[in-house]
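Undergrad:
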Amino acid sequence: MGKEEHGRNICVFLFLVFFWLITAEEDFLFKKKKYVVEEVQAVFGEAARLPCNMTVSSGDTVYLVLWFKEELATPIYSYDVRELLRGQPKHWWDADLLGSRAFFNAGSSPHLLLQGLTEADAGLYKCRVDFQREPTRNTRINLTVVVPPRRLVLIEENGAEVRTYVGPINEADDLHLSCVAHGGRPAPSVVWLMDNKVIDDVVESREGDLTRNDLTIRGVTRSMLRAQLTCQAANNQVSQPLSLTATIDMNLRPLDVTIHHIREPLSAGRTYEVLCSSRGSRPPAVLTWWWGSARVSAADDTTSHGGNVSTSMVRLTPNASDDGRLLACRAENRNLPTAVIEDTWKLSVYYTPTAEAMLGASLNPQNIREGDDVYFECHVKANPRAYKVVWKHNGVIVRQERENGILLTNRSLVVQEVTRNHAGRYTCQASNVEGDSMSPPVILAVQYAPLCRPGQVSVYGVSKLEDAHVTCQVDAVPQVTRFYWTFNNTVESLEVPQERFTVGLGGRSVVIFTPTSDLEYGTLLCAAENMVGRQKDPCVFHIIPATKPEAPTNCSLYNVSASSLTVACMPGFDGGLNQTFAMEVYGTSPHSLKANITNNHPRFMVTGLDNESEFQLIVYAGNSKGRSSITRLVAITHKLPVKQLETRLSNSGNDASGVIQDPPGDGMKPLIGILGGIVLIVVLIAIIIIIVIKVQCSADARQRRELGEGNGDDDKRHRQAKSKKHQSHDFERHQLNVRSNKNEEEIPKEVGGGPVETGSERYTEHRHLHLHQHHDDQSPDVVACSGDFDDVSVSIRPGGAMSLITEHLPASQHMQRPLTCHHAPSSLAQHTQQRQKQHQPPSPSPLSQQQQQQQQQQQQQQSPLLLQHSKDPLHYSLATPGHGTHEFRHPHPHRQPHLTAARMCDSADMEVVGDSGTPPAPAPAEELPVPLMFVGDGQGKHTGASGMACLARIPEDPESPSSRRESAV
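Those letters in the sequence shown? Residues -24 to -1, 1 to 945, by mature numbering (1 follows the signal peptide of the UniProt record, and there is no 0).
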């Protein structure tokens, strides 16, 4: 009995545990599982948005949204869609816990808005969403409530609290400052910044709710004056950090002191005003004047705006007893007793000296050449003695340069190995207390052999039979006595006769050179001679053919944006002349000039262009001979960046607590209908494409079946061979192989022509004609007749039939031509007669000659005509007697059309092979002849029916073993 009761108790306990697990849903079990928890951080007193995943699948809807906090079994907020209040979902919340601070927004970004956050609001939240069909979905959010620090305090080393300024601190002293942050959870980080740059981010101590960071700056510099020291404390990335700023104030020593007066001797008995200034002191420096140890009263003291510069002026009237005394100007900062500096001036009283410069006694001034040594002497007379002597060359002070052979010793100047640059005016200047004295100039003339004058034109670009005035200019002392001209090319070196050139004053000679052949382009050498000697290095002039420049190469596009682009090229040969570069920018729709830029270098930048537009760029070079060929580029500007607009949702709080309130009317947006419409359109387009493909495949299969049933084994093999041939056809250029029973030699020809029949004579030939495609920017070549057809333009008349069009004219020329019809060869008419004879029943008696002529004329009148309209060169009409008119039109009217070829084939004896190479079923014998047109687009590409081939088959002649003829265009 006891065991049974014990077992029953165990079963009851297990049942209760199981029931508790079921009723508690997933809360207990989920504690051991790991869930994705979204982290939300908010600031104390601010608002927090707790997200909730309410994504609804198609055909489903939300019934109920419940919000839970941590371990609470009951929800704290509910959003019930099942019970609508005046057509709106029902809201409920726990007024004791949330008050009026919470509201659930079920819009495009569902979230629970909590306002006026407290520390108690932190914790784990769960959003449970119940759907009509889908399982319940839970979203877990961990809300962290950050409490920022309350306030900051700045404390100096002496314990005083800093308000606005730190200091004043003496220059070069150490700065000690502490920042204390009060409060904050978690504990904040405290950093120091100087002028918004972090200089200290190490926290020294945290005691209770106080966080401290001590700042020490060793040797404060003057650059830190008025620097902003900022202490920042922050413990989150949401709110702005708490900051406190103080400005550094400093005491600065004066940087310098200067007596502003020419340091020259003073004249006895004269009054002088001497100015002294000092800068850099804070507060402004105090200036005082001193004679030795005696202070002199200043006449005027001033301080500049801002207090950075202090000035003082004193009036002096020296006498003989003042000679050799020191005048001092002293600057000091009263807050820095040790920072005293001064500037001194030792006075002298002199009279004005006299000076005379002379060339060395042993030198001949009329015979000084390059390489000689020259020296000068300066004789000075003064009382007292002059304190300096300065040498000048052409007004410029001469300084000693031993490496260049210029030596200054006392009152002498030595110039070793003079050159033509040393020639000119030399003077010496002597100075004493009374002033300066300049000697009269001495002229130094240096003789040297001629040298090429710099800056001359060295390259002459000329055409044949064009005069080139080549000018040679040299510098020489004495004057040039003779010129020599020499011409060099790759073959010989010739001296130019003296009568071919002129000699002018100033070392100038001009030769008129006229090249008459390629051998007369080369180099002209010019050399001059004077009394010193002949020119060592002649002047070189290059004579080259002058032509138009070459076009720029390697043009590339750079920095293409929505409204601008840059083009850079490599310059070509300039043609022997100075060249410039130009670029023209044309819009393609419409065609108009957008910009025209000219540069000295092949680099262009264009702005102000339309976005998402195509432009044609034409780059060329030019010189005095003309323009180069052009280089074309095509550029497409980019699309403008799309600006993203930010939509802010404003939410209002609830005034009541613990009661039901109306939502603010922000419902879910009708996105489901839009998405459903897009999906429906895509499905419909896919169904239409599938139907079109199936219909086309069915038609192709039916044609293949008819083709297999209506032809013999030989025709099947022939079509299979043709199909394989066209499958491998890649529209490249092929040769035409012509085999004749009269001549077995294989003759290669260009593409063109067709089966050859002239009059009643027939040739058995086998031809393969293939369209060829050009890869350049020109139109396709016209298929030539090669004499195989009577290709004449005639008036519209009965009996005319189109066979081949060989005209190759642009649209502008076609517009001026009348309505024309192109005649067919007699072979097509004869072939039509033969085919009709085979299908007609045998006549009891042969026809007379007159009857045969009438029948032939009647058959010719049934031939079709291809008409080209003069007003619309893209429009063609195929007029067939008894069956109306068939219209044809060029598929690309916006391009310049070029008619390549057109071919008429008898539908009873033809098959059409498409791009796929699969021959469809032949046309019924009673159908009209079918036209096939080949039209080029003017850019090397064939459009329209260019991928088709027309194969005209002639019945075999019993007398000819190889009478089958094919033509494929």
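Here a beta-carbon is modelled for each residue, glycine too, at the ideal position from N, C-alpha and C.
Taking Thr395 as the reference, give the member of Leu427, Ala558, Gly584, Gln449 with the closest Cα.
TA: Of Leu427, Ala558, Gly584, Gln449, the residue nearest in Cα terms is Leu427.
Undergrad: Mind reading off the beta-carbon distance from Ser154 to Ile131? Whole number of angstroms is fine, and I expect it under 8 Å.
TA: Contact flag correct, Cβ pair sits at about 5 Å.
Undergrad: Are the stretch 322 to 329 and the stretch 386 to 405 in contact at 8 Å, needing three or more beta carbon pairs?
TA: They do not touch, by the three-pair rule.
Undergrad: Work out the CA separation of Lys66 and Gly21 for me, nearest whole Å.
TA: Cα to Cα, the separation comes out at about 28 Å.
Undergrad: Let me know the secondary structure DSSP gives Gln449 once reduced to three states.
TA: DSSP places Gln449 in strand when its eight states are reduced to three.
Undergrad: Using the Cα positions of Ser280 and Leu384, report the straight-line distance between them to the nearest angstrom.
TA: Cα-Cα distance, rounded: 44 Å.
Undergrad: Per DSSP, which residues does Tyr436 bridge with? Please list them.
TA: DSSP, once it has assigned bridges, lists Ile519 as partnering Tyr436.
Undergrad: Out of curiosity, what's the CA-to-CA distance linking Gln405 and Pro329?
TA: Near 9 Å, if we compare the C-alpha coordinates of Pro329 and Gln405.
Undergrad: Between the alpha carbons of Cys502 and Val422, how many angstroms are there, rounded?
TA: Roughly 23 Å between the two C-alpha positions.
Undergrad: At which residues does the alpha helix (DSSP H) containing Ala148 begin and terminate?
TA: Element bounds for Ala148: n/a, residue is neither H nor E.
Undergrad: Apart from the five residues just before and just after Gly268, which ones in its own chain have a Cβ nearer than 7 Å to its Cβ?
TA: Contacts found: Arg301, Leu302.
Undergrad: Short of 6 Å in beta carbon distance, which residues of its chain neighbour Asp176, apart from the five on each side in sequence? Order them along the chain.
TA: Taken in chain order, the residues that qualify are Trp168, Leu191.
Undergrad: Determine the closest residue to Gly195 out of Asp150, Glu183, Trp68, with distance taken between C-alpha atoms.
TA: Taking only the C-alpha atoms, the option nearest Gly195 is Asp150.
Undergrad: Would Ser604 and Ala527 qualify as a contact pair, given that the criterion is a beta-carbon distance under 8 Å?
TA: Contact flag set, yes.
Undergrad: Would you mind working out which of Lys601, Glu588, Trp461 sits nearest Pro521, comparing C-alpha positions?
TA: Cα-wise, what sits closest to Pro521 is Lys601.
Undergrad: How many Å lie between Gly256 and Pro547 at the Cα?
TA: Between Gly256 and Pro547, the C-alpha separation is close to 57 Å.
Undergrad: Locate the alpha helix (DSSP H) running through Asp72, then write down its first and last residues.
TA: First-last of the alpha helix (DSSP H) with Asp72: 71 to 74.
Undergrad: How about Val472 and Val446: are their beta carbons less than 8 Å apart?
TA: Result no, Cβ atoms of Val472 and Val446 do not sit closer than 8 Å.
Undergrad: Could you round the C-beta distance between Ile594 and Ile612 to whole angstroms and report it? I think they count as a contact, below 8 Å.
TA: In fact, because the Cβ distance is near 16 Å, the residues do not count as touching under 8 Å.
Undergrad: In angstroms, rounded to a whole number, what distance separates the CA positions of His567 and Arg608?
TA: Cα-Cα distance, rounded: 15 Å.
Undergrad: Any idea if Cys207 is buried or exposed, counting beta-carbon neighbours within 10 angstroms, 16 or more meaning buried?
TA: By the neighbour-count rule (16 or more Cβ atoms within 10 Å), Cys207 is buried.
Undergrad: If you draw a straight line from the alpha carbon of Thr187 to that of Leu312, how long is it in whole angstroms?
TA: Distance between the alpha carbons of Thr187 and Leu312 is about 37 Å.
Undergrad: Just the C-alpha distance for Ala333 and Arg310, rounded to the nearest angstrom, thanks.
TA: In a straight line, the C-alpha of Ala333 is about 54 Å away from that of Arg310.
Undergrad: With DSSP as the reference, identify every bridge partner of Thr328, one or two as the case may be.
TA: The partner list for Thr328 (beta bridge, DSSP) is empty, contrary to what the question assumes.
Undergrad: How is the beta strand (DSSP E) around Arg113 delimited, first residue to last?
TA: Segment 113 to 122, the beta strand (DSSP E) holding Arg113.
Undergrad: Measure the CB-CB distance between Glu377 and Gly347 and report whether it falls below 8 Å.
TA: No, the Cβ-Cβ distance between Glu377 and Gly347 is not below 8 Å.
Undergrad: Which one or two residues does DSSP pair with Val487 in a beta bridge?
TA: In DSSP, Val487 forms a bridge with Val446, Phe477.
Undergrad: Can you tell which of Thr50, Pro27, Gln511 has the C-alpha that lies nearest to the C-alpha of Ala82?
TA: Among Thr50, Pro27, Gln511, the Cα nearest to that of Ala82 is on Pro27.
Undergrad: Assign Asn660 to buried or exposed, taking buried as 16 or more other Cβ atoms, counted over all protein chains shown, within 10 Å of its Cβ.
TA: Just to set this straight, residue 660 is Leu in the shown sequence, not Asn. So Leu660 counts as exposed.
Undergrad: Using a 10 Å radius around the Cβ and a threshold of 16 neighbouring Cβ atoms, would you call Leu60 buried or exposed?
TA: Exposed, by the Cβ-count rule.
Undergrad: Could you please give the first and the last residue of the uninterrupted beta strand (DSSP E) stretch that includes Ser568?
TA: Unbroken beta strand (DSSP E) run through Ser568: 567 to 575.
Undergrad: Under three-state DSSP, which class holds Asn380?
TA: The answer is helix: DSSP assigns Asn380 an H, G or I state.
Undergrad: Opposite Tyr141 in the DSSP bridges: which residues?
TA: Tyr141 is bridged to Thr223.
Undergrad: Return helix, strand or coil for Lys45, following the three-state DSSP convention.
TA: Strand.
Undergrad: Using only alpha-carbon positions, find the residue among Tyr497, Val658, Gln108, Glu46 that is nearest to Thr31.
TA: Among Tyr497, Val658, Gln108, Glu46, the Cα nearest to that of Thr31 belongs to Gln108.
Undergrad: State the Cα-Cα distance for the pair Asn572 and Gly652, rounded to the nearest angstrom.
TA: Computed Cα separation, rounded: 52 Å.
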